[in-house]
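Single-structure report; data block below.
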DNA sequence: ACGGGTCCGACT
DNA sequence: TAGTCGGAC
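In the UniProt record's numbering, the protein residues as written are 1 to 707.
In structure tokens:
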């Protein structure tokens, strides 16, 4: 449960963007003939036409639902087009959808801090962008307002149905006497409309969005008008919205907690929660959940947009329902091999593209067992340090499985392994990789080291230059990789093996030194400090309070000043409206190659100053890490790169990270300047509260909760 | 005997 | 910490 920040006057601008039936859209882009037709994506066509995992809005009109079987959907909608999920290694392969999701994230992350919430959803913190717009180009001064903005739904606006809806939206957007918080939301609506249009132009995907003062309300709103629409929740509409909102509609309350609220407390709407004191809720649901509920009832949530563009883990799994259950070790091994191969491939991609390393391998399975006293026992999960290389992962996964199976079967040990057994069956298997952290390129000496190989002599100076051109560096010295990427194209790596040694060794040190992030629970008299206790060396947490003079945001906003100019540029293609965008596309045509569509940056942001301009192109500052870059053309198999991992791992007694276990000889092999930094890391570090809070400390102060 | 395959976060 | 569990898409 996210920490709720009891900020009653939250003036952030948060957006939630939700792709419309995303998998369907991905398939429709691949196969444009399917556009406009009732379509669904199914996987595993074998049994009853496969299971639907995404349904187009055309198909939904016929009553087709997710979780129908393909055959079932044909019954209610005979003309439905069913597209199969790609299969690789005998299992569903979602990589095309993951990649499509990344395309979207890379666009949405241009205007502010961006959090990849799932394969097809993101949160954006547009506060700074909206502030800037309000200061420099508030809606009132705009002569022309984009169609897409006028089509926003504004909750609580009395004429939502009237024919003059657009006119009333326009009035709301431009109200001069409005609450400042609502003015900011209005700016957010402009920014989001533009981003959604940009997504459409560059990817052909439509999405819906919600704009509100916090994540949970934005999320709620984004689902209210779909597809291809956006919904704003003005501050003054929150109470009215929540009063009548069925409790289970709220994120996090759709499951057992929502059930309990209904049956145990008789709470049917979010508004009903208002009757209960915080203490009462805490008493029943615990201190965290209780406080969270109390706040949610009031539309309050301090959950922050994280600034993370990449997933935190990778997994690959498959179910083997009923009769297909695996009953021999050999078959388990076979499937583990398939799953591990996929996982390994994705890990290798992540390493190549994002310079990240996963540290933990986890095996999950479900199983059944016949006639045993505790046949209901769950199959335990097992994990171990992750060694790179497909074969290693396969080997380790199998060991984990066997350990888990022994535990699962208990005293009841199976003797026969070769052939069928009658005691147990495996109904699902999955392997996943977690604790994925960037390889440490941010530390000064390593950056220097790289830079040295770029034939820049003065290391200190070059470091500074890099920092200036790259991303603002959080004081903790672990940041995103913009700087690496800046130089990447030219780098001759100084021997990949050496580098990997450095990385792994540094990772271990960090691993040891990182204390787990503590949940900071709000107490009324407290100052809010988020969850930032020990962000020091953690995987770069974004600065929550990056300074107001972020060049990136500043720069992108003048584009809104040039609203009209931009309109003209776009107008040539017809209109800004998303619906009209599609009308203008000849459905019989092959999809346009969008790579060649003119970059809107060029249209809207004529060069200001060269230095700044280049920054705006690299506008990832709010975000922890970069999106995957183009796939390197060279094949990324299990290369020699992995070899050095293993050497290193073996020497250290690889099964637990202990700082004492780091082989000093590894360090000795490193270049001198890195050695030095290394030893500094090993020494007790004092980076506790050096986190720069920036000028807006006030941001962290809370009004005392009244009443 | 499940929508399947993944992700995430809290709790202990 | 590793492992479990719940929730969501």
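All residues carry an ideal CB built from backbone N, CA and C; glycine is no exception.
Once DSSP output is grouped into helix, strand and coil, what is the label at residue 375?
coil
Report, in whole angstroms, the separation of the C-beta atoms of residue 426 and residue 332, which I expect to be a contact under 8 angstroms.
6 angstroms
Can you check which of these residues, 306, 328 and 55, is closest to residue 80 by C-alpha distance?
Cα-wise, what sits closest to residue 80 is 55.
Decide if residue 104 is buried, meaning its Cβ has at least 16 other Cβ atoms within 10 Å, or exposed.
Label assigned to residue 104: buried.
Residue 49 and residue 69 look like a contact to me (Cβ under 8 angstroms); what is the Cβ gap, rounded to whole Å?
5 angstroms
Under three-state DSSP, which class holds residue 16?
strand
Take the Cβ of residue 118 as the centre, count every other Cβ of all protein chains shown within 10 Å, and call the residue buried at 16 or more, exposed below.
Exposed.
Three or more C-beta pairs below 8 angstroms linking the region 19 to 29 and the region 51 to 66
Output reads yes: the region 51 to 66 touches the region 19 to 29.
Since residue 188 and residue 238 should fall inside the 8 angstroms C-beta cutoff, what is the C-beta to C-beta distance between them, to a whole number of angstroms?
Not really, about 15 angstroms apart at Cβ, beyond 8 angstroms.
Taking the continuous beta strand (DSSP E) assigned at residue 21, which residues delimit it?
Where residue 21 is concerned, there is no enclosing beta strand (DSSP E), given that its DSSP letter is neither H nor E.
The beta strand (DSSP E) enclosing residue 435, as first and last residue numbers:
424 to 438
Which ranges does the alpha helix (DSSP H) cover as unbroken runs of at least 4 residues, wholly within the region 34 to 63, from first to last along the chain?
Taking only runs of at least 4 residues, the alpha helix (DSSP H) segments lying wholly in the region 34 to 63 are 57 to 60.
With 16 other Cβ atoms within 10 Å as the buried cut-off, status of residue 121:
Counting Cβ neighbours within 10 Å, residue 121 comes out buried, since at least 16 surround it.
Quick check: what's the CA-CA separation for residue 577 versus residue 176?
With a pLDDT of only 45 at residue 577, under the threshold of 50, the placement of this residue in the model should not be trusted; the figure read from the coordinates follows. Roughly 26 angstroms between the two C-alpha positions.
Is the Cβ-Cβ distance between residue 274 and residue 293 less than 8 angstroms?
no
Indicate whether residue 437 and residue 359 have their beta-carbon atoms separated by less than 8 angstroms.
yes
Does the distance from the CB of residue 397 to the CB of residue 347 come in under 8 angstroms?
Between residue 397 and residue 347, the C-beta gap is not smaller than 8 angstroms, which leaves the two residues out of contact.
Specify, as a first and last residue, the run of the alpha helix (DSSP H) that residue 81 falls within.
Not the alpha helix (DSSP H): residue 81 falls in the beta strand (DSSP E), residues 81 to 84.
Between the alpha carbons of residue 334 and residue 90, how many angstroms are there, rounded?
11 angstroms
In this structure, does DSSP put residue 174 in helix, strand or coil?
In this structure, residue 174 counts as helix in the three-state DSSP scheme.
Give a yes or no on contact between the region 140 to 148 and the region 190 to 198, applying the rule of three or more CB pairs nearer than 8 angstroms.
The way I'd put it, the region 140 to 148 does touch the region 190 to 198; three or more beta-carbon pairs between them come closer than 8 angstroms.
Would residue 210 be called buried (16 or more neighbouring beta carbons within 10 Å of its own) or exposed?
buried
From residue 154 to residue 164, what distance separates their C-alpha atoms?
13 angstroms
Taking the alpha-carbon of residue 401 as reference, which of 435, 365 and 373 has the nearest alpha-carbon?
365
If you reduce the DSSP assignment to three classes, tell me which class residue 293 lands in.
Helix.
When the Cα of residue 285 is compared with those of 261, 267 and 251, which residue comes out closest?
Ranking 261, 267 and 251 by Cα distance to residue 285 puts 261 first.
Would you mind sorting residue 183 into buried or exposed? The rule is 16 or more other CB atoms within 10 Å of its CB.
buried
Should residue 404 and residue 380 be called a contact, given that it needs their Cβ atoms to be closer than 8 angstroms?
A Cβ-Cβ contact shorter than 8 angstroms links residue 404 with residue 380.
Which same chain residues end up closer than 7 angstroms to residue 254 when comparing Cβ atoms and leaving out the 5 residues on each side of it in sequence?
248
Report yes if the C-beta distance between residue 166 and residue 150 is below 8 angstroms; otherwise report no.
yes
Rounded to whole angstroms, how far is the Cβ of residue 242 from the Cβ of residue 271, which I believe are closer than 8 angstroms?
5 angstroms
Flag this pair as yes or no: are the beta carbons of residue 12 and residue 213 separated by less than 8 angstroms?
Yes, Cβ-Cβ distance for residue 12 and residue 213 is below 8 angstroms.
Would you identify the three-state DSSP class for residue 10, choosing helix, strand or coil?
coil
How is residue 420 classed by DSSP in three states: helix, strand or coil?
coil
With residue 124 and residue 113 assumed to form a contact (beta carbons below 8 angstroms), what rounded beta-carbon distance in angstroms separates them?
7 angstroms
Count the other CB atoms, across all protein chains shown, that sit within 10 Å of the CB of residue 290; report buried if there are 16 or more and exposed otherwise.
buried
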